[in-house]
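A.B. asks: Oh and the sequence shown: position 56 is 56 in the UniProt record's numbering, straight run, nothing missing.
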Amino acid sequence: MLLDQATLKPPATLADVPLRGVRPNIVQSIRAFRVPDLQAAAQGLGHHFLYANLANAQSKQDVLDLISQQFMLTVQVGKNFDSLYDSMTDPVHKSGPQPGFIAVLEHIPANAKFDKEAREQLLDIFRDTADYWGDRKIPFRCFYSFL
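(1) Which of the three DSSP states, helix, strand or coil, is assigned to H48?
(2) Determine the closest residue to V104 out of L66, K79, K113, T74, with distance taken between C-alpha atoms.
(3) So what does I144 bridge to, in DSSP terms?
(4) In terms of residues, what are the limits of the alpha helix (DSSP H) holding T129?
(5) Determine the extent of the alpha helix (DSSP H) in which V92 is found, giving its start and end residues.
(6) When we look at the beta-carbon of K113 and count the other beta-carbons within 10 Å, is it buried (16 or more) or exposed?
(7) Pick out whichever of S145, S87, I108, V35 has its Cα sitting closest to the Cα of M72.
(8) Does the region 26 to 33 touch the region 124 to 131, meaning 3 or more C-beta pairs lie closer than 8 Å?
(9) My assumption, with CB atoms under 8 Å, is that F49 sits in contact with I125. Please give the rounded CB distance.
(10) Taking all protein chains shown into account, do 16 or more other C-beta atoms lie within 10 angstroms of the C-beta of T89, making it buried, or fewer, making it exposed?
(11) Over what stretch of residues does the alpha helix (DSSP H) that includes V63 continue unbroken?
(12) Going straight from the alpha carbon of Q70 to that of L54, what length do you get?
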């Protein structure tokens, strides 16, 4: 099948993606963004796309395990948020140049075993991770939603 030159799209630029008004290193609610659009934006920008659906998590350990599995982290996350931070920063940085990251934490649980304090601690880890990558001039955007 031949493609008409008029139908070919130029490579995505930040102006073409839903991230045009989003700072390069931020953690924010997903709100008006859709996961497929964020994934397409990551692909268009050549960034890593990290996605975790936490709808089935009940506890802190469940959240850590699901993020580790779904982000395909090579370093064992363990049982605390500090190990999550460690696995998303230094070993990844040492593995070679990084183009940027778009992370999505969908359906963060809101229950007695994963209360408001635990949710804030989790988001603080991602804020610290965004700062880490920002210090290295590498975009790290994280979008989240609560269940």
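Beta carbons are placed, not taken as given, at the ideal position from N, Cα and C, and that holds for glycine. Computed from a predicted model, the values in this text were never measured in an experiment.
C.D. replies: Reading from the atomic positions:
(1) Secondary structure at H48: strand, using DSSP grouped into helix, strand and coil.
(2) Nearest in C-alpha terms to V104, of all of L66, K79, K113, T74, is L66.
(3) Before going on, a small fix: residue 144 reads as Tyr here, not Ile. Looking at the DSSP assignment, Y144 forms a beta bridge with S29, L105.
(4) Start and end: 116 to 135.
(5) Per DSSP, V92 belongs to the alpha helix (DSSP H) from 90 to 94.
(6) Under this definition K113 is an exposed residue.
(7) Checked all of S145, S87, I108, V35; the closest Cα to M72 is S87.
(8) They touch, by the three-pair rule.
(9) At roughly 19 Å, the Cβ-Cβ gap does not stay under 8 Å, so F49 and I125 are not in contact.
(10) When all chains shown are included, T89 counts as buried.
(11) Note, V63: alpha helix (DSSP H), 60 to 70.
(12) Our two residues, Q70 and L54, have alpha carbons roughly 10 Å apart in a direct line.
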